[in-house]
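Engineer:
In this note's numbering, the protein residues as written are 765 to 855.
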């Protein structure tokens, strides 16, 4: 599946479909702490990265984050499987 950052596309009926994104956890369930809906893929990923930066344990299981996007019929489809978003920085 091709994921794009485009928030809208046109349906066959020539109606705009607004894409919404949500973050999922390592079990592909809606993320418990990051449970909002986002208007763009970039916005969702940025929120996840900011949240992970606040974790004291970078390898915490909750840091495995994926993204789902709404489809034309309103279902959620995975556009990024859960995985780490950041590599640990070596100091």
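No residue lacks a Cβ here, since even glycine has one placed at the ideal position from N, Cα and C.
Could you check the C-alpha separation between residue 793 and residue 821 for me, to the nearest Å?
Structural biologist: 21 Å
Engineer: Measuring alpha carbon to alpha carbon, tell me which residue in 824, 783, 829 is nearest residue 801.
Structural biologist: 783
Engineer: Exposed or buried, which one is residue 805 when buried takes at least 16 other CB atoms within 10 Å?
Structural biologist: buried
Engineer: Given residue 751, which residues of its chain have a CB within under 8 Å of its CB, disregarding the five upstream and five downstream residues?
Structural biologist: Nothing can be reported for residue 751, as the shown portion of the chain is limited to 765 through 855.
Engineer: With H, G and I counted as helix, E and B as strand and the rest as coil, what does DSSP make of residue 828?
Structural biologist: It is coil, neither helix nor strand.
Engineer: Going by other Cβ atoms of all chains shown within 10 Å of its Cβ, with 16 needed for buried, is residue 831 buried or exposed?
Structural biologist: buried
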